[in-house]
Structures are given as structure tokens and as C-alpha cells.
Ligand SMILES: [Zn+2]
Ligand SMILES: [Zn+2]
């Protein structure tokens, strides 16, 4: 279903997040459309784009509108329930924060994506903070390059 392959992310800390109750706790109505978007993000094995969510929902519910998908994702992202990252192919991908804090190594040749745990990079952020007094916004990053196979 995805053109991009995701590497192993088994080592990740997962904290289940009930996005729909968080939405209603924040005062948002749980419309069927919103719930369908929430479910698509929750059920995605990995990262999912707005376009993929839209196609998935529209297969069962032809009245779905892509702008509703975008608006719901913005809402979830504003509440900190999903994170988004640009994997370099022009499509932003989303995943539930329940998948744990991580980053990605994206191979520009074959599209392989390897997950990197935040703990590997956090020493770098503190080093940058000490050296430059700069606080890195280390949300969900993609690093581009060549994977071991493609380096040959
Ligand atoms: Zn990710
Ligand atoms: Zn590669």
C-alpha cells in the first residue's frame, strides 16, 4: 500500500493514546468524519498521509471530503495527538504520538525509512544548547541520505 518501506521500530516505547476521548475532553464534537480520520491514524501500522487517509475512508464513505481530512489532522496536530513530518516526497505523513518519539533516516535512492530513537539524538540537542544557547525543536525529523544497501 505504501511506496515507502519502514524499518524496524520495535525498540520504541509505545504509550496508547485515546485520541477520540482527548478530542471530546478538549471540547470538540466527535463527528463521524472526525472519528473516521482518528481511526485511520490509529489503525495505520506506520505513518500515513492525508491523501492515504482520504482514499481509505472514501472507499467506505463516498461523502468524505479531503478538506475535512486536512482540518481534522490540523486539529489533532494542534492538540499534540499526532506528529507530522515531511519525508521528502512532497507528502507530509502523520502518526499518533502513541507511537513514541522518534525520527527517521530516509534513503533518497530506494525510499527505505529507518526509525531512530530520540534517545540517540538527545545528547546532540543538549550539546547544541550548551554551545550555541539554541533550543532545538526536536519534534519529528527526517534525515536524508543513502542506506547501507544503496551505498554499496
Ligand atoms: Zn515517524
Ligand atoms: Zn536505499
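Numbering (our numbering), first residue to last: 946 to 1097. Yeah, the Cβ is synthetic: ideal placement off N, Cα and C, and Gly gets one too.
query                                                                                                                                                                           : result
Would you kindly work out how many angstroms separate the C-alpha atoms of residue 969 and residue 1036, rounded to a whole number?                                             : 28 Å
Mark residue 905 as exposed unless 16 or more other C-beta atoms lie within 10 angstroms of its C-beta, in which case mark it buried.                                           : This structure gives no information on residue 905, because the portion of the chain shown stretches from 946 to 1097.
Which same chain residues end up closer than 6 Å to residue 1083 when comparing Cβ atoms and leaving out the 5 residues on each side of it in sequence?                         : 1070
Excluding the 5 residues preceding and the 5 following residue 952 in the sequence, name in chain order all residues of the same chain whose CB lies nearer than 7 Å to its CB. : Unreliable positioning characterises residue 952 in this predicted model, as indicated by a pLDDT of 48, which lies under 50. A coordinate reading is not provided.
Mind checking residue 1065: buried by the 16 CB within 10 Å criterion, or exposed?                                                                                              : exposed
By DSSP's criteria, residue 1088 is part of a beta bridge. Which residues make up the other side?                                                                               : 1050
May I ask you to check if the CB of residue 1056 is nearer than 8 Å to at least one heavy atom of ligand 2?                                                                     : yes
Between the alpha carbons of residue 954 and residue 1043, how many angstroms are there, rounded?                                                                               : Below a pLDDT of 50, predicted positions are generally treated as unreliable, and residue 954, at 45, falls in that range; the measurement from the model is reported next regardless. Looking at the two C-alpha atoms, the distance is approximately 13 Å.
Quick one: give me the first and last residue of the beta strand (DSSP E) that residue 1038 is part of.                                                                         : 1037-1041
In terms of residue numbering, what span does the beta strand (DSSP E) encompassing residue 1062 cover?                                                                         : 1058-1062
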